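**Q** Input: one structure, supplied below.
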Amino acid sequence: MNEAENIPEEFEVETGLKDEGKKWDRLHIRESDREDYKRLLQVGSPFEGKDNKDPFMMALMLGYLNRNRVKLEKMFGYFRYSYLSSEEKVILNAIAVAEEGDLMILSDKGKILTIAEEYAAGGIKLLKNDVFSSEYGSYIKKLELAIREEFEEYKRHSGSAPKLL
Amino acid sequence: MLIEKINFINFRQYKDETIEFATNDPEKNFTIIQGSNGSGKTNILNAITWCFYAKELHLLKEKYKGLPIYNLMAAKQLKPGQIGYVEVKIHMRDEDNGLMIFSRRLKFKKENDKIIFIRYPESEADDGSDFRMMRLINKDMKEIADPEYILSMMIPQPIEEYFFFDGERLDDYFTELSGERIKEAVFNISQLGLLEKATKHLEDRKRFFLQDAKGLGSQAEDLRKKQDAYSASLKELKEQIDIKMDQKNKAADYESEYSEKLRNCPIKNISELENDRITATIKLEKLKQDAVSHEKEKTEYLLEDGIKIFAWKPIKETLRLIDGKKEAGDIPTKYKRYFLDNLLKDGICICGSDISELALNQEHRQKILKLQRECNEITNLSEQLMQLHADLRSILREIDAFPKKQKLLADKTNGLENSIRENTSKLQRINNEIAGTDVEQIKEWEHKLKEYRSSKERYIEEIAEDKIRIKAINDKIAGLGKDLEKELKKEKKHEELRKILVFCDESLRAANGIKNGIMDMLRKEIEEKTKIQFFNLIWKKETYKDVKINENYDVSILHESGEEGFGTLSAGERQVLALSFMAALNSVSGFNVPIIIDTPLGNISKEPKKNIASNLPNYLKGKQVTMLVTEEEYSLEVRERLRERVGREYKIKFEETSDGSQAKVIPYE
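Residue numbers (the working numbering), protein chains in the order written: chain A, 136 to 300; chain B, 1207 to 1875.
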């Protein structure tokens, strides 16, 4: 599914500040990040042929891990919330809960999505640099290494987690 | 449809010959024509395609380079000024047993010891030959107008190669660019030419409407110009691809010819080495494809599961908070806070008692108020939290499985890398052995083969690069189109034009959707029919369990264990797969055309040859099949196994005299 197919025309661009008039059936990106997302889905990127939500989720994780949360000003409805898998929705919930330290945030979908959008805005440049600053294929190697490191940390915090073989 | 008889006059080796085909008994509709290499078997196929399309589509390019189509002996016997003819006449029977005769005739004249072709004035063919079709109507043979059109409805040229084919070239389907040949075959069989034309027409019209538009704003004008420029480079690129594709096909044909020479070479070692090389090349190609798919699978896994691993901290934190609520007894809950809030707000309990502030008996109200105080707001989310808890635990289990999955992926990567390494060195060894021969002729063939192969590979690479560029340009054009549409939307006067462009785009999308849908449907049908034929023909029925043609048109064979087994197929098994694929194309095509196979068992060694022959009677039941075979292929054992379906059997007797050579088709015994 490409960008054009994801969002019906009449919803394409939403300008203005934050919540007013914002539709919570979709996830937004900054207008200024559109080109980066577009490039990430094109030939030569590991996200080639994937859906809009895929680079968004990776950008969100990078933003979150680097604690880089950026407010969206001029924004663009990038894909529908319903396109996320149930696991991805769970991850969005978990990030919002951990961010607020309060389970009650789960009753505020708007806030959950805003947190996700802001972390994705904080991570998109990092993702773009990771993907395009090195030759094709090496991003996946870097990603694999980062995942292994993260898993090691997870293992240290959870005594019972299996060892990397 | 059946081929009843073919007459050859002065066509290459055939000076004046007639072959009658098995037509009477549907159970015995195999015709066998046996001839040694070079005796003129393939020229029977060429005679058919020349008669139908004025092209010898199965011509061995190297062997016949510069050789004329007319029989040299006949030309020599011609007196100066005398006229001679090349003629092929094909007698066919339609479904109602109606007789049709297709004939093509080429006129030539001897002048000063030279042969000059004389064009028929009304000829539409490049070689100036005359094509006619006669049909038996009410006991009279009548000439049919526009025979080219009638023929194109009966046997369209783009799909002739799925009815008249060379068994020794079937490996080409699996050695070339992954899936490309298969995709091309499915496209041709789909008969989507008309839809392609419609698509092209829509694209042209869209461009025309845009170019014709007057008074566009500067922004829109700029976008239109950019779109034009990209469209021009796209057109150029597509033309280049066509040229390169043609060059690639030519190089591939030459390569196959030299490979065939090596395989048929009397030095046994060389012929075996060439057979081994083909098998090793296919295996290596398949392994490389597997490595690419595996890399894709790995990337997919890392992108999807990486996100889960990166999210372990918030996942654990959320679980900790939910566990806290569970320990505090807030969840699961008997009552939800908003339920109690609503009861108190309405002032009526579910049992109907008055619990308002003004109630006479306040005891009931006090109990509800106590429950409300004990009921935290979080109880409203009780079910959601319980579900979230289960979902988070499930993600953690997936994270725990990471090392196992990682190991599986790494093992597969290592396995593939090792196999690729082993096969590459095996191939290198074979190359060295063939190149190291001291027979000059073999050296020359090997040199030529390599030359054409590297040229083919270069074109394949260039075509792949061009295709990537085409995709990028198409993306650009689509993006510019969208921007242009937005620009046009701004000005009311261009509303009409905008609507036309949107209509064109939607029609194009629909046409492409239909095209892909049909191709996909046919691919699945071909997959199913290939599988049925394969299990009909293969002797190791327990070894394999499935035949697949995936979305990229890559063919795979699954072993009983579920492992991919294409790379391990022997030459004989591969031939069975290829024959099955051809039969599937044939049946899906919907054209009832007889089948003619040149050297169906060409490269197969003795034992598998007997096995294939045993099952061949089941092949294409009900179809008229003609096999052009060598003496080696049509051994006594093979003949015995095919006997039940053979209706006619011939031998080609090749004679060389001082006047030239000629082939005669005589009864087998």
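Every residue gets a Cβ at the ideal spot worked out from N, C-alpha and C, and that includes glycine. Computed from a predicted model, the values in this text were never measured in an experiment.
(1) Measure the Cβ-Cβ separation of residue 1735 of chain B and residue 1661 of chain B and say whether it is below 8 Å.
(2) For the segment 1813–1828 of chain B against the segment 277–287 of chain A, are there 3 or more C-beta pairs whose distance is under 8 Å?
(3) Which first and last residues belong to the beta strand (DSSP E) in which residue 1755 of chain B is found?
(4) What are the partner residues of residue 1222 of chain B, as DSSP defines its beta bridges?
(5) Under 8 Å, with one C-beta from each stretch per pair, do the segment 1222–1229 of chain B and the segment 1835–1848 of chain B reach the 3-pair mark?
(6) Can you give the beta carbon distance from residue 1433 of chain B to residue 1683 of chain B, rounded, assuming they're within the 8 Å contact cut?
(7) Is residue 1512 of chain B close to chain A? Criterion is C-beta to C-beta, closer than 8 Å.
(8) Any idea which residues DSSP pairs residue 1835 of chain B with across the strands?
(9) Tell me the rounded alpha-carbon separation between residue 1654 of chain B and residue 1328 of chain B.
(10) Residue 1828 of chain B: which of B:1798, B:1848, B:1835 sits nearest, CA to CA?
(11) For a quick check, are the C-beta atoms of residue 1254 of chain B and residue 1370 of chain B less than 8 Å apart?
(12) Counting pairs of Cβ atoms below 8 Å between the segment 244–254 of chain A and the segment 193–205 of chain A, do you hit three or more?
(13) May I ask you to verify whether the segment 1799–1818 of chain B touches the segment 1775–1785 of chain B, counting CB pairs closer than 8 Å and requiring at least 3?
(14) Name the DSSP beta bridge partners of residue 1546 of chain B, please?
(15) What would DSSP say about residue 1530 of chain B, mapped onto helix, strand or coil?
(16) Have a look at B:1232, B:1862, B:1672 and flag the residue whose alpha-carbon is nearest the alpha-carbon of residue 1445 of chain B.
(17) Mapping the DSSP letters down to three states, classify residue 1863 of chain B as helix, strand or coil.
(18) Could you work out which residue in B:1350, B:1284, B:1403 is closest to residue 1319 of chain B when comparing CA atoms only?
(19) Can you round the beta-carbon distance between residue 247 of chain A and residue 227 of chain A to whole angstroms, since I take them to be within the 8 Å contact cut?
(20) Could you tell me which of A:190, A:202, A:230, A:292 sits nearest to residue 266 of chain A, measuring between CA atoms?
(21) Unbroken beta strand (DSSP E) runs of length 3 or more, entirely within the segment 1314–1385 of chain B: which are they?
(22) Identify the continuous alpha helix (DSSP H) that holds residue 1301 of chain B and give its terminal residues.
(23) Under a CB-based cut-off of 8 Å, is residue 1789 of chain B close to chain A?
(24) How many angstroms separate the CA atom of residue 145 of chain A from the CA atom of residue 1692 of chain B?
(25) Is the beta carbon of residue 1546 of chain B less than 8 Å from the beta carbon of residue 1578 of chain B?
(26) Determine which residues of the segment 160–190 of chain A have a Cβ less than 8 Å from any Cβ of chain B, and write them out in chain order.
(27) Which of the three DSSP states is assigned to residue 1264 of chain B in this structure?
(28) Would residue 1359 of chain B and residue 1350 of chain B qualify as a contact pair, given that the criterion is a beta-carbon distance under 8 Å?
(29) With a cut-off of 8 Å on the beta carbons, I'd call residue 1834 of chain B and residue 1250 of chain B a contact; round off their distance for me.
(30) Along the beta strand (DSSP E) that carries residue 213 of chain A, what are the first and last residues, could you check?
(31) Tell me which same chain residues have a C-beta within less than 7 Å of the C-beta of residue 1695 of chain B, skipping the five on either side of it?
(32) Work out the CA separation of residue 240 of chain A and residue 1533 of chain B for me, nearest whole Å.
(33) Counting only beta-carbon separations shorter than 8 Å, does residue 210 of chain A have a partner in chain B?
(34) For the beta strand (DSSP E) that contains residue 1803 of chain B, what are its first and last residues?
(35) Give me the Cα-Cα distance between residue 1216 of chain B and residue 1292 of chain B, rounded to the nearest whole angstrom.
(36) Are the beta-carbon atoms belonging to residue 1652 of chain B and residue 1640 of chain B less than 8 Å from one another?
**A** Judging by the given coordinates:
(1) no
(2) no
(3) 1750–1755
(4) B:1215
(5) no
(6) 6 Å
(7) yes
(8) B:1240
(9) 42 Å
(10) B:1798
(11) yes
(12) yes
(13) yes
(14) Bridge partners of residue 1546 of chain B: none, in fact.
(15) helix
(16) B:1672
(17) strand
(18) B:1284
(19) 6 Å
(20) A:190
(21) 1320–1324, 1336–1343, 1346–1349, 1370–1372
(22) Premise fails: residue 1301 of chain B is in no alpha helix (DSSP H) and is neither H nor E.
(23) no
(24) Its pLDDT being 36, under 50, residue 145 of chain A is placed unreliably by the model, and the measurement read from it follows with that caveat. Those two C-alpha atoms are separated by around 12 Å.
(25) yes
(26) 177, 178, 181, 182, 185, 189
(27) coil
(28) no
(29) 6 Å
(30) 210–215
(31) 1704
(32) 20 Å
(33) no
(34) 1801–1804
(35) 5 Å
(36) yes
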